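K.L.:
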Ligand code: DX5
Ligand code: ZN
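In the UniProt record's numbering, the protein residues as written are 2 to 221.
1) Hey, residue 91 and residue 80 are a contact pair by Cβ (cut 8 Å); roughly how many whole angstroms apart?
2) Check whether the region 26-35 and the region 127-136 touch, using three or more Cβ-Cβ pairs below 8 Å as the test.
3) Beta carbon of residue 65, beta carbon of residue 50: below 8 Å?
4) Run through DSSP, which three-state label would residue 63 get?
5) Below 7 Å, is the gap between the Cβ of residue 68 and the nearest heavy atom of ligand 2?
6) I'd like to check one pair, residue 173 with residue 139: are the Cβ atoms closer than 8 Å?
7) Residue 207: buried (16+ other C-beta within 10 angstroms of its C-beta) or exposed?
8) Following a CB-centred definition, is residue 177 positioned closer than 7 Å to any heavy atom of ligand 2?
9) Going by DSSP, which residues form a beta bridge with residue 187?
10) Can you give the Cα-Cα distance for residue 227 and residue 15, rounded to whole angstroms?
11) Tell me the start and end of each unbroken alpha helix (DSSP H) in the region 22-79 that is at least 4 residues and wholly inside, in chain order.
12) Which ranges does the alpha helix (DSSP H) cover as unbroken runs of at least 4 residues, wholly within the region 93-124, from first to last along the chain?
13) For the pair the region 53-61 and the region 157-170, tell me if three or more CB-CB distances fall below 8 Å.
14) Fully enclosed by the region 161-212, which beta strand (DSSP E) runs are 3 residues long or longer?
15) Quick one: using the 10 Å Cβ neighbour count with 16 as the cut-off for buried, is residue 22 buried or exposed?
16) Please indicate yes or no: does the CB of residue 37 lie closer than 7 Å to some heavy atom of ligand 2?
17) Can you tell me where the beta strand (DSSP E) with residue 142 in it begins and where it stops?
18) Helix, strand or coil for residue 89 per DSSP?
19) Can you tell me whether residue 83 is helix, strand or coil according to DSSP?
20) Going by DSSP, which residues form a beta bridge with residue 9?
21) Quick check on the burial criterion: 16 or more other C-beta atoms within 10 angstroms. Buried or exposed for residue 37?
22) Taking 7 Å as the cut-off, is the CB of residue 129 close to at least one heavy atom of ligand 1?
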C-alpha cells in the first residue's frame with residue numbers, strides 16, 4: 002500500500018505562534034504540515050502566502066504541504082518555491098487550460114505537484130492530470146467546501162476516493178475537511194492515505210493521541 006501521511010492543518014493553529022505550533026505538531030508525530038493558502042477570491046477567506054511560508058521555513062525542515070485555494074496558482078509557483086514550499090496542490094477548477102505548464106513549473110522548482118477538487122467537481126476532471134505525460138503526484142479530494150476549518154465531513158465524497166484508489170493503486174490520495182477520530186475509518190477504508198486534520202487535532206486535549214489514532218487507522 003501507500004504510506005500514511007498525517008498532516009495537521011495549520012489553519013487551526015495560533016498564527017501568532019506558528020513556529021512553536023509547528024514544532025509541537027511534529028513532536029506529536031505529524032508527517033507533514035498542511036498550509037492553507039487562500040486569496041479571498043477563489044474562496045471567501047484570506048489566510049497566508051509565501052512570506053509566512055518563508056518565515057516558517059526558517060524554523061523547520063518539515064514537509065510543507067501547500068494547498069492553494071487561489072484563482073491564479075501560476076503566480077504562486079516562483080514565490081512559494083523560493084519560500085521553501087514542499088508540495089504545491091492547486092485546484093482543478095481554475096487550471097482547465099494551463100495545467101501542463103503549471104505542473105511543469107512546479108516540478109522544475111523541485112516541488113511535488115498535486116491537484117485538488119471541490120465537492121461539486123466530478124472525479125473524471127482530474128484523470129488527465131494523473132495520466133498525462135507530466136502527471137501530478139497527489140490528488141486532494143475535498144470533503145468540505147474549501148475556505149474554512151471546522152466544517153462537517155461529507156461522506157458522499159468517499160465514492161471519489163474509492164474510484165481513484167481502484168484506478169491508481171499507488172497514488173497519494175489526500176482528504177481534507179472534517180477528518181478526525183469519528184470519520185477517519187470511512188476515509189481510510191475508501192483508500193485515502195494522506196490525512197489533513199485541523200480542528201480535530203488542534204481542538205483536542207491530547208493532539209498527540211489524535212495523530213496516533215489517525216495514523217493507526219490508515220495503516221491498518
Ligand atoms: C479548508 C481547508 C482545510 C481545513 C481543514 O478549506 O482546506 O485544510 O483547515 O480543517 P478541519 O480539519 O477543521 O475541517
Ligand atoms: Zn486544506
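For every residue, glycine included, the Cβ atom is placed at its ideal position computed from N, Cα and C.
Keep in mind the model is a prediction, meaning the values are calculated, not measured.
P.N.:
Looking at the coordinates:
1) Residue mapping note: residue 91 aligns to position 90 of the chain shown, counting from 1. Residue mapping note: residue 80 aligns to position 79 of the chain shown, counting from 1. Incorrect: roughly 14 Å between the Cβ atoms, too far for contact.
2) No: fewer than three Cβ pairs fall under 8 Å.
3) Indexing the chain shown from 1 puts residue 65 at position 64. Indexing the chain shown from 1 puts residue 50 at position 49. The Cβ atoms of residue 65 and residue 50 lie no closer than 8 Å to each other.
4) As a first step, residue 63 must be located in the chain shown, where it is residue number 62. Looking at residue 63 - three-state DSSP - the assignment turns out to be coil, as it is neither helix nor strand.
5) Within the chain shown, residue 68 is the residue found at index 67, counting from 1. Yes, since a heavy atom of ligand 2 falls inside the 7 Å radius drawn around the Cβ of residue 68.
6) Position 138 of the chain shown, counting from 1, holds the residue named residue 139. Position 172 of the chain shown, counting from 1, holds the residue named residue 173. A contact, by the Cβ cut-off of 8 Å.
7) Counting from one through the chain shown, the residue named residue 207 turns up at place 206. It counts as exposed.
8) Against the chain shown, residue 177 aligns to sequence position 176. Yes, since a heavy atom of ligand 2 falls inside the 7 Å radius drawn around the Cβ of residue 177.
9) In the chain shown, residue 187 corresponds to position 186, counting from 1. Per DSSP, none; premise fails for residue 187.
10) Here the chain covers residues 2 to 221 and nothing more, so residue 227 does not appear.
11) 51-58
12) 100-109, all fully within the region 93-124.
13) Segments in contact, no.
14) 173-177 and 195-198
15) Here residue 22 refers to the residue found at position 21 of the chain shown. Classification of residue 22: buried, given that the 10 Å Cβ count is 16 or more.
16) Residue mapping note: residue 37 aligns to position 36 of the chain shown, counting from 1. Yes.
17) The sequence position of residue 142 within the chain shown is 141, counting from 1. That run of the beta strand (DSSP E) goes 139-143.
18) Position 88 of the chain shown, counting from 1, holds the residue named residue 89. Correct three-state label for residue 89: strand.
19) On the chain shown, position 82 is the one that residue 83 refers to. Here residue 83 sits in helix by DSSP.
20) As a position in the chain shown, residue 9 is number 8, starting the count at 1. Paired residue(s): 198.
21) Against the chain shown, residue 37 aligns to sequence position 36. Residue 37 is buried by the Cβ-count criterion.
22) Along the chain shown, read from residue 1 onward, the residue named residue 129 stands at position 128. Not one heavy atom of ligand 1 lies closer than 7 Å to the C-beta of residue 129.
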